[in-house]
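Q: Here you go, one structure.
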Amino acid sequence: ESHFFCADADLSACGGSELRIEDVKVTGTRPNSRGFAGHGIAAVDGASLVAARVLADQNHSAGVLVINNLAATVFDERESADSRANLSDITVTNTQMSLGIDGIEFGDGIAVVNGAATSLERFDIHDNARVGLLVGGTADFRQSSAFFKDGNVTGHVIGVSVASGWMDLDRD
51 ESHFFCADAD
61 LSACGGSELR
71 IEDVKVTGTR
81 PNSRGFAGHG
91 IAAVDGASLV
101 AARVLADQNH
111 SAGVLVINNL
121 AATVFDERES
131 ADSRANLSDI
141 TVTNTQMSLG
151 IDGIEFGDGI
161 AVVNGAATSL
171 ERFDIHDNAR
181 VGLLVGGTAD
191 FRQSSAFFKD
201 GNVTGHVIGV
211 SVASGWMDLD
221 RD
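Structure (structure tokens):
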């Protein structure tokens, strides 16, 4: 199954599907039996996520994961379409560490990777185990992007990390 991250999240959309959520709490997601993942909310391999008035608390690996092209990265399959997320009035907190791809541990509030894109407005990302907001590319330099406005990122080992990605920080 190329979308194993979808199976390891409380709420997820995969492969071109769309997930819309409002006024939702996603809490306490646990890693799978192999110790991987446990994401609160995930948009994977071309999925679209629209979320408003959401709390993601005490999940594992990523409170919100927006990832593109996972099938090609892990299973050497064809490239997928871009995953996108529009998030507003969202709080992501207390994400715990768990294993990700290649045995690397993650504990990130919001992770936007492998060419995915996210728009984030009115947010509070705090006290996650590793990175508050991660915007990252891949070894083949697929650019991820994030636009964020009107929010706080506090209480992490790394607040915001941008690697081979693009970010627009609106200071209004």
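In our numbering, the protein residues as written are 51 to 222.
Ideal Cβ positions, reconstructed from N, Cα and C, are used throughout, including at glycine.
The structure presented is a predicted model; accordingly, all values stated were derived computationally and were not measured.
With which residues is Gln146 paired in a DSSP beta bridge?
A: Looking up residue 146 in the sequence shown gives position 96. Note: Gln146 sits in a beta bridge opposite His110.
Q: Could you tell me the alpha carbon to alpha carbon distance between Lys197 and Asp158, rounded to whole angstroms?
A: One-based indexing of the sequence shown puts residue 197 at position 147. One-based indexing of the sequence shown puts residue 158 at position 108. Here residue 197 is Phe; the residue named in the question, Lys, does not match the sequence. The C-alpha of Asp158 is placed about 17 angstroms away from the C-alpha of Phe197.
Q: Which class does Gly157 belong to by DSSP, given the choice of helix, strand or coil?
A: Here residue 157 refers to the residue found at position 107 of the sequence shown. Note: Gly157 maps to strand in three-state DSSP.
Q: Can the beta-carbon of Ser138 be found less than 9 angstroms from the beta-carbon of Ala102?
A: Here residue 138 refers to the residue found at position 88 when the sequence shown is read from its first residue. Here residue 102 refers to the residue found at position 52 when the sequence shown is read from its first residue. In this structure, Ala102 lies closer than 9 angstroms to Ser138 by Cβ.
Q: In chain order, what residues of the same chain lie with their CB nearer than 8 angstroms to the CB of Leu61, ignoring the 5 residues before and after it?
A: Mapped onto the sequence shown, residue 61 falls at position 11. Correct list, in chain order: Leu69, Ile71, Val74, Val76, Gly90, Ile91 and Ala92.
Q: I'd like to confirm the pairing. Which residues does DSSP put opposite Arg70 in its beta bridges?
A: Stepping through the sequence shown from its first residue, residue 70 is reached at position 20. According to DSSP, which records beta bridges pairwise, Arg70 is partnered with Val100.
Q: Going by C-alpha to C-alpha distance, which of Asn164, Asn82 and Gln146 sits closest to Val185?
A: Within the sequence shown, numbered from 1, the residue matching residue 185 stands at position 135. Nearest C-alpha to Val185: Asn164.
Q: Could you give the DSSP three-state label for His206: helix, strand or coil?
A: Translated into positions along the sequence shown, residue 206 becomes position 156. It is coil, neither helix nor strand.
Q: In three-state terms, what does DSSP make of Ala166?
A: In the sequence shown, counting from the first residue as 1, residue 166 sits at position 116. Coil at Ala166, not helix or strand.
Q: Could you tell me which of Ile154, Arg84, Thr168 and Ile117 sits nearest to Asp95, measuring between CA atoms?
A: The sequence position of residue 95 within the sequence shown is 45, counting from 1. Looking at the Cα atoms, Ile117 is the closest of the given residues.
Q: Tell me whether Glu51 is buried or exposed, calling it buried when 16 or more other Cβ atoms sit within 10 Å of its Cβ.
A: Mapped onto the sequence shown, residue 51 falls at position 1. With a pLDDT of 39 at Glu51, under the threshold of 50, the modelled position of this residue cannot be trusted; read the value that follows with caution. Classification for Glu51: exposed.
Q: Can you list, in chain order, the residues of its chain with a C-beta nearer than 6 angstroms to that of Gly78? Leave out the 5 residues immediately preceding and following it.
A: On the sequence shown, position 28 is the one that residue 78 refers to. Once the five neighbours on either side are set aside, the close Cβ partners of Gly78 are Gln108.
Q: Can you name the start and end residues of the beta strand (DSSP E) that Ala93 belongs to?
A: Residue 93 sits at position 43 when you count from the first residue of the sequence shown. Ala93 -> beta strand (DSSP E) spans His89 to Val94.
Q: Using CA coordinates, which residue listed in Ser98, Leu170 and Ala97 is at the minimum distance from Asn202?
A: To locate residue 202, count along the sequence shown from 1; it is residue 152. Measuring from the Cα of Asn202, the nearest candidate turns out to be Leu170.
Q: Find the nearest neighbour of Ser148 within the set Ile208, Gly65, Gly66 and Gly113, judged by alpha-carbon distance.
A: Within the sequence shown, the letter at position 98 stands for residue 148. Residue Gly113 is the option with its Cα nearest to Ser148.
Q: Is the Cβ-Cβ distance between Ala179 and Leu115 less than 9 angstroms?
A: Counting from one through the sequence shown, the residue named residue 179 turns up at place 129. Counting from one through the sequence shown, the residue named residue 115 turns up at place 65. No, these two residues do not count as a Cβ contact at 9 angstroms.
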